[in-house]
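Taking the numbering used here, the leading residue of the sequence shown gets 172, the next gets one more, and so forth.
Glycine is no exception: its CB is placed at the ideal position from the N, C-alpha and C atoms.
Heads up: the structure comes next, in structure tokens.
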Amino acid sequence: MRIEPAASVQGAFAVPGVKGISQRAVLLGAVADGESEIRGFGRAEDTEAAIRVVRALGVEVEDDGGETVRVRGAGLRGLREPDGALDCGNAGTVLRLASGILAGQEGQFVLTGDESLSRRPQERIAEPLREMGARVETTNGGAPVLVEGGALTPIRYVLPVASAQVKSAVLFAGLYAAGGETTVVERLPSRDHSERLLREMDVQVVRRGVDVTVSPVERLPSFRVEIAGDFSAAAPFIVAATLLHGSELLVEGVNINPLRTGFLDVLERMGANIAVFNRRTDSGEPVADLEVRPAELVATVVRRREVPRLIDELPLFALAAGMARGESAVWGAEELRKKETDRIETVTNALKALAVRVTARDDGFGVRGVPTRPKGGGVVRAGGDHRIAMLGAIGGLVSREGVEIEDAESVGVSFPGFFDLLETVTQR
Ligand code: S3P
172 MRIEPAASVQ
182 GAFAVPGVKG
192 ISQRAVLLGA
202 VADGESEIRG
212 FGRAEDTEAA
222 IRVVRALGVE
232 VEDDGGETVR
242 VRGAGLRGLR
252 EPDGALDCGN
262 AGTVLRLASG
272 ILAGQEGQFV
282 LTGDESLSRR
292 PQERIAEPLR
302 EMGARVETTN
312 GGAPVLVEGG
322 ALTPIRYVLP
332 VASAQVKSAV
342 LFAGLYAAGG
352 ETTVVERLPS
362 RDHSERLLRE
372 MDVQVVRRGV
382 DVTVSPVERL
392 PSFRVEIAGD
402 FSAAAPFIVA
412 ATLLHGSELL
422 VEGVNINPLR
432 TGFLDVLERM
442 GANIAVFNRR
452 TDSGEPVADL
462 EVRPAELVAT
472 VVRRREVPRL
482 IDELPLFALA
492 AGMARGESAV
502 WGAEELRKKE
512 TDRIETVTNA
522 LKALAVRVTA
532 RDDGFGVRGV
542 PTRPKGGGVV
552 RAGGDHRIAM
562 LGAIGGLVSR
572 EGVEIEDAES
582 VGVSFPGFFD
592 LLETVTQR
């Protein structure tokens, strides 16, 4: 797909519901008692993977392809051993969080995924789940992952990497660990969508300093949840409106969970012009409307402490840094190498296709920015990575010569309507 340069982006719109909350709601709804209603479901390949997996486990899901999905829960221990493997597609969140729930079920379960997911590290969930008493086997450290549920015991687990997925897997297993509380210790706070959704289900989840503690339950009540727009889906548009003169963009109903919106803080530090207003709370999550106008950006440095709060937006940060005056850098982000692609490699290659001066390091990258349109003209290879395809698209809009995106359809993993929406708001 070719993306030609644009003059500006204009418009008011909403983006699909938060991917991670959509997945969590399906997975927890599957083990609740009775029917849960998920409104604002963020439809995408990664969220449909959650539906596919719980259906294979014997859960009835009412889904007509719209924004509301109903899950008829099988009860806390009611999941059924499937005939074959559970195909998680590209969705790391589904594989890792489902493993936490399956550790508490009776039976043997095999979780698989596509080539990219199979390469990603799964010992990080296997280790704590084994410690709790489940049998978990990975394949060379990745998927397929075999989980054989058992009687679980509570643990106190210090996360070796800042990961909401690992934290959530342990907390979900903790619901099944009779006889005490399960605690996850996270030195750097990661997104807390699981904790908030569990609280909506009347489960006791307490954060004390760096400890997050869950109590075991006898049963989970069904719930109704309203999911706001995914900040990660809004972020490409925010960057386009910031970098293109004459833009004016309103993104309505965006989830602004502070553990997800580090990119807003970073952009503001760089001089961006983003108004956050109409703040409200929906289903235990903060929501707001965002208004974005163009701005001249200055360089900044993102350090380890900040990384978990904008991990999925670091590719877009690299692009914004390319047009910000001065030297920007990201440190302490080696986790980028473990995402859908090695995002230190794929981001630096994408920026090179735009003729931005970028250097990769083991744990991040450096960008020498200039406040003019990058030349462009190259090919951005998404390699199946939705975030890199979106980076390429915004890179094309702000460039002088446009870019070609290889594997552009990978946006469907998180945002199938991305290119249609982009076309609607783009002024040439
Ligand atoms: C996610 C957590 C993050 C993030 C991913 C979604 C989640 O991964 O990169 O896109 O929904 O919990 P890690 O937990 O591996 O950091």
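The residues 174, 573 and 574, in chain order, have a CB closer than 6 Å to that of residue 567 in the same chain once the five nearest residues on each side in sequence are set aside. With a threshold of 7 Å, the Cβ atom of residue 362 counts as near the ligand S3P, since some heavy atom of the ligand is closer than that. In the three-state reduction of the DSSP assignment, residue 521 falls in the helix class.
The distance from the Cβ of residue 187 to that of residue 215 is about 6 Å, consistent with a contact at the 8 Å cut-off.
By the criterion of at least three beta-carbon pairs nearer than 8 Å, the segment 455-468 is in contact with the segment 427-445. The segment 180-208 contains, as complete alpha helix (DSSP H) runs of 4+ residues, the segments 190-201 (chain order).
Leaving aside the five residues that flank residue 511 on each side, the residues in its chain whose CB is nearer than 6 Å to its CB run, in chain order, 287 and 556. Taken in chain order, the whole alpha helix (DSSP H) runs of length 4 or more contained in the segment 498-570 are 514-524 and 557-569. For residue 388, no beta strand (DSSP E) run applies, since DSSP gives it neither H nor E.
Residue burial annotation: residue 484 is buried, with at least 16 other C-beta atoms found within 10 angstroms of its C-beta.
Below 8 Å, enough C-beta pairs join the segment 366-384 and the segment 337-345 to call them touching: three or more. Assignment of residue 589 by DSSP, reduced to helix, strand and coil, places it in the helix class. Here residue 398 carries a coil assignment [DSSP, helix/strand/coil]. When secondary structure is reduced to three states using DSSP, residue 336 falls in the helix class. The distance from the Cβ of residue 244 to that of residue 230 is about 7 Å, consistent with a contact at the 8 Å cut-off. Under the 10 Å beta carbon count, residue 322 is surrounded by fewer than 16 other beta carbons and is classified as exposed. Taking one beta carbon from each stretch, the segment 531-542 and the segment 583-592 have fewer than 3 pairs nearer than 8 Å; the two do not touch.
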